[in-house]
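**Student:** If you count the sequence shown from 1, position 99 lands on 99 in the numbering used here, and the numbers rise without skipping. Take a look at this one; I'll ask things after.
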Amino acid sequence: MRLRILASLRSQILTFTSVLVVMSLGAVLLVVLLSSGQAIRNNIDEDMAESVQSFREAINNRRLQLVGNATVLVSDFGFKQAVASRDSATIHSMLANHGQRV
1 MRLRILASLR SQILTFTSVL VVMSLGAVLL VVLLSSGQAI RNNIDEDMAE SVQSFREAIN
61 NRRLQLVGNA TVLVSDFGFK QAVASRDSAT IHSMLANHGQ RV
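The following block contains the structure:
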């Protein structure tokens, strides 16, 4: 009888300890998953913000380049004369030539 009580007590202690270990591991796993998920989201947000900024800068640089090129084209005396005389062949030729240089 005494052996049965000790065996029962041992199994209860073992079961209790096992449950505590499993619950502790589950809690640690949950904390790790939640914190790593948040860290990943933060990294993605930062990367996206940097990408958006780079894209905006690239678009703005291209816009400035195109405005500069258009300014050069409309400042060209020959282009002004072609537009004033409505010489579409010359206008098309000058636009094509200017487009190749850009």
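A virtual CB, placed ideally from N, CA and C, is assigned to each residue, including glycine.
(1) Is it the case that the Cβ atoms of T90 and A84 are separated by a distance below 8 Å?
(2) Checking 8 Å against the spacing of the C-beta atoms, do L73 and H98 come in under that value?
(3) Taking the C-alpha atoms as reference points, what is the distance between D76 and N61?
(4) Apart from the five residues just before and just after G78, which ones in its own chain have a Cβ nearer than 8 Å to its Cβ?
(5) I'd like to know whether the C-beta of G99 is nearer than 8 Å to at least one C-beta of chain D.
(6) Given this structure, state the Cα-to-Cα distance separating N43 from L34, to the nearest angstrom.
(7) Measure the C-alpha to C-alpha separation of Q53 and L64 and round it to an integer number of angstroms.
**Tutor:** According to the structure data:
(1) Here the question's residue 90 lines up with position 90 in the sequence shown. Here the question's residue 84 lines up with position 84 in the sequence shown. Cβ distance not < 8 Å, so T90 and A84 don't count as in contact.
(2) For the purposes of this step, residue 73 is taken as residue 73 along the sequence shown, with counting starting at 1. For the purposes of this step, residue 98 is taken as residue 98 along the sequence shown, with counting starting at 1. In this structure, H98 lies closer than 8 Å to L73 by Cβ.
(3) Within the sequence shown, numbered from 1, the residue matching residue 76 stands at position 76. Within the sequence shown, numbered from 1, the residue matching residue 61 stands at position 61. Between D76 and N61, the C-alpha separation is close to 23 Å.
(4) Along the sequence shown, read from residue 1 onward, the residue named residue 78 stands at position 78. For G78, where only same-chain residues beyond five positions count, the Cβ hits under 8 Å are T90, M94.
(5) Absent here is chain D; the protein component of the structure consists of one chain.
(6) Taking the sequence shown and counting its residues from 1, one reaches residue 43 at position 43. Taking the sequence shown and counting its residues from 1, one reaches residue 34 at position 34. Straight-line Cα distance between these residues: approximately 14 Å.
(7) Mapped onto the sequence shown, residue 53 falls at position 53. Mapped onto the sequence shown, residue 64 falls at position 64. Going by the C-alpha atoms only, they are around 16 Å apart.
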